[in-house]
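Be aware that the sequence shown starts at 954, since it is given in the working numbering, and climbs by one per residue.
Quick reminder that beta carbons are idealized off the backbone N, C-alpha and C, glycines included.
Reading through the structure tokens given below for one structure.
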Amino acid sequence: MILKNLIRKSHGMAVVEAVEGLAGKFRGSMAGALMGDCLGAPFEGESRASRSVLNSYFRRLADPALKVPYKLYTDDTAMTRCVAQSLIDEKGYCATDMAKRFVKEYYNEPKRGYGSNVTDVFAALRATKFQDVYAPAGIQFGGRGSYGNGAAMRIAPVALFCYDAPDKEVVHIAKDSSLLTHANRLGYNGAVLQCLAVHQALHTPANKLDSVKFIESLITKMKTVEAPKDEDILDEGENPFIYVKKLEKLLELMEQGDSVTPSQVEDTLGVYISAHMSVPTAIYSFIRALNPVTNIESDNAFLRTIHYAISLGGDTDTIASMAGSIAGAYYGFSEIPESFHRHCEALSDAIEQADQLFKMRKPKSTET
Ligand code: F2R
Ligand code: MG
Ligand code: MG
954 MILKNLIRKS HGMAVVEAVE GLAGKFRGSM AGALMGDCLG APFEGESRAS
1004 RSVLNSYFRR LADPALKVPY KLYTDDTAMT RCVAQSLIDE KGYCATDMAK
1054 RFVKEYYNEP KRGYGSNVTD VFAALRATKF QDVYAPAGIQ FGGRGSYGNG
1104 AAMRIAPVAL FCYDAPDKEV VHIAKDSSLL THANRLGYNG AVLQCLAVHQ
1154 ALHTPANKLD SVKFIESLIT KMKTVEAPKD EDILDEGENP FIYVKKLEKL
1204 LELMEQGDSV TPSQVEDTLG VYISAHMSVP TAIYSFIRAL NPVTNIESDN
1254 AFLRTIHYAI SLGGDTDTIA SMAGSIAGAY YGFSEIPESF HRHCEALSDA
1304 IEQADQLFKM RKPKSTET
């Protein structure tokens, strides 16, 4: 597959022409992560938006005549961009390079809505001149580490970079890159789960998804990932298989189809800033939006995913970003309506990074 220069500028805006196949799935994932963040950010932490407010929000954005400034990305995208560029420039995972990029990015643009504690990690990394890049995260929260969703929200590029790699390597890079900021096992295992979900979506041809098998496969993988290791810190009596349990609950919700209410999702899976209360919710959003959802007007399945994730309230930018990166990896960029391309800051950068990650793959001999 030959990638042409597919991004051109029109009236100062990026116009991205469609590519199909795997390259389109790479683009879809990076664009989905960005769009979920930008479109979800205005609702983050607010009380759950009413269905009429959200339906009119998406209807207005779909109108080609609407002239509004694009929506800014937040910390979710700022850090995703760092992960992607580090993997591209270093041709692989380099802990020091990635940590330096996080810190440089944060001090260049600190007002992107970062988590309130992760900024201490950036300060300590800078103060210690990156001597031991994993140390500052390890002392967060009295040595227990952060279980925020900040590692999961930035992990999509790892799944793209590891497209041809076995799950073991996906897990390894996802975990190690998470440990730069999130040393709590819920924090880094949430990122591992999110990475595996994007990886599986990339490998699943559009319209060929068996949603139960998709979740069962994640459960099998997470049973290995969550099996306690020597270095794990667990409270007495703590269930080590939190994500396995959440995915099992997710399967139960799926059995109830379109009757599941936002309150049920909030109570069962969570809509919060912690990884274990948001990553399973993002995966559920992707699965739920495969089919029409009552009260959600969006009839495009990619947009419906982001719309549905935002409709749950809580950590809307992050849950929509994680759901968007899975949905984009599954549907591909060509399924994202063109009228939405202009609404998000720096879409062309996301596409360029996706293309570079795609080009770094070692093509199989049958590909041209
Ligand atoms: N920070 C926000 N949103 C709030 C303000 C946004 C506002 N719109 C604005 O513009 O100012 N969103 C972003 O933060 C989340 C990712 O956070 P991350 O990177 O995980 O940060 P941190 O600080 O490590 O953890 C977040 C909070 O989780 C709680 N927490 C984590 N580990 C804990 C532990 N072991 N014990 C107790 N609490 C723990 C703390 O409250 C942390 O501050 C994303 O939503 C992103 O969008
Ligand atoms: Mg954010
Ligand atoms: Mg957030």
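Spatial distance of residue 1139 from residue 1300 (CA atoms): Distance from the CA atom of residue 1139 to the CA atom of residue 1300, rounded to whole angstroms, is 30 Å.
Own chain partners of residue 1091 with C-beta closer than 7 Å, once the 5 adjacent residues on each side are dropped: These residues qualify, in order along the chain: 1098 and 1136.
C-beta contact flag for residue 1105 and residue 1021 at 8 Å: No, they are not a contact pair.
beta-carbon residue 1071 near ligand 1 non-hydrogen atom, thresh 7 Å: The answer is yes for residue 1071.
Beta-carbon contacts of residue 958 that lie in its chain and below 7 Å, excluding the five residues immediately before and after: A caution first: residue 958 carries a pLDDT of 36, below 50, which makes its placement in the model too unreliable to give a value.
For residue 1068 and residue 1256, the rounded distance between their alpha carbons: Those two C-alpha atoms are separated by around 26 Å.
Cβ contact check for the segment 1008 to 1021 and the segment 1289 to 1298: 3 or more pairs under 8 Å: Cβ pair count under 8 Å is three or more, so yes.
DSSP-derived helix/strand/coil call for residue 1227: Looking at residue 1227 - three-state DSSP - the assignment turns out to be strand.
Cα-Cα separation between residue 1191 and residue 1094, rounded to whole angstroms: Computed Cα separation, rounded: 18 Å.
Opening and closing residue of the alpha helix (DSSP H) in which residue 1140 lies: Annotation: the continuous alpha helix (DSSP H) that includes residue 1140 extends over 1138 to 1155.
Own chain, CB closer than 6 Å to residue 1007, minus 5 neighbours either side, in chain order: Only 1264 meet the Cβ criterion.
Span of the alpha helix (DSSP H) around residue 1192: Segment: none, residue 1192 is in no alpha helix (DSSP H) and carries neither H nor E.
Length at least 4, wholly inside the segment 1046 to 1102: the alpha helix (DSSP H) runs in chain order: Entirely contained in the segment 1046 to 1102, the alpha helix (DSSP H) runs reaching 4 residues are, in chain order, 1048 to 1061, 1071 to 1080, 1088 to 1091 and 1093 to 1096.
Reference residue 1032, options 1012, 1062, 1003 and 1015, closest by Cα: It is 1062 whose Cα lies nearest to the Cα of residue 1032.
beta-carbon residue 1271 near ligand 3 non-hydrogen atom, thresh 7 Å: Indeed, a heavy atom of ligand 3 lies less than 7 Å from the Cβ.
Own chain residues within Cβ distance below 6 Å of residue 1001, not counting five before or after: Excluding the 5 residues flanking it on each side, residue 1001 has same chain C-beta neighbours closer than 6 Å at 1266, in chain order.
The segment 1145 to 1164 touching the segment 978 to 988, judged by at least three CB pairs closer than 8 Å: With a cut-off of 8 Å, the segment 978 to 988 and the segment 1145 to 1164 count as touching, because enough Cβ pairs lie within range.
Residue 1014 versus residue 1164: straight-line alpha-carbon distance, rounded: Taking the straight line joining both Cα atoms gives about 29 Å.
Distance cut-off 7 Å: residue 1268 Cβ against heavy atoms of ligand 3: Yes, since a heavy atom of ligand 3 falls inside the 7 Å radius drawn around the Cβ of residue 1268.
Run of the alpha helix (DSSP H) containing residue 1008, from where it starts to where it stops: Residue 1008 -> alpha helix (DSSP H) spans 1004 to 1015.
Residue 966 to residue 1302 span [Cα, whole Å]: Residue confidence for residue 966 is low, a pLDDT of 43 falling below 50, so the modelled location carries little weight; the figure read from the coordinates is stated next. Going by the C-alpha atoms only, they are around 12 Å apart.
Inter-residue Cα distance where the pair is residue 1129 and residue 1241: So the two alpha carbons sit approximately 31 Å from each other.
Beta-carbon proximity list for residue 1281, same chain, < 6 Å, skipping 5 on both sides: So the qualifying residues of the chain are 981, 982, 984 and 985.
Buried or exposed (CB count within 10 angstroms, at least 16 for buried), residue 1060: Residue 1060 counts as exposed, since fewer than 16 other C-beta atoms from the protein chains shown sit within 10 angstroms of its C-beta.
Touching by the beta-carbon criterion (3+ pairs, under 8 Å), the segment 1269 to 1280 and the segment 1172 to 1188: Taking 8 Å as the limit for Cβ pairs, the verdict is that the segment 1172 to 1188 does not touch the segment 1269 to 1280.
With 16 other Cβ atoms within 10 Å as the buried cut-off, status of residue 997: In summary, residue 997 is buried, with 16 or more beta-carbon neighbours lying within 10 Å of its beta-carbon over all protein chains present.
Near ligand 2: residue 998 beta-carbon under 7 Å from a heavy atom: In this structure, ligand 2 has no non-hydrogen atom nearer than 7 Å to the beta-carbon of residue 998.
Backbone CA spacing between residue 1035 and residue 1133 [nearest angstrom]: C-alpha separation (whole angstroms): 13 Å.
Three-state secondary structure assigned by DSSP to residue 1115: Here residue 1115 carries a coil assignment [DSSP, helix/strand/coil].
Contact test: residue 1033 Cβ vs ligand 2 heavy atom, cutoff 7 Å: For residue 1033, the shortest separation between its Cβ and any heavy atom of ligand 2 does not lie below 7 Å.
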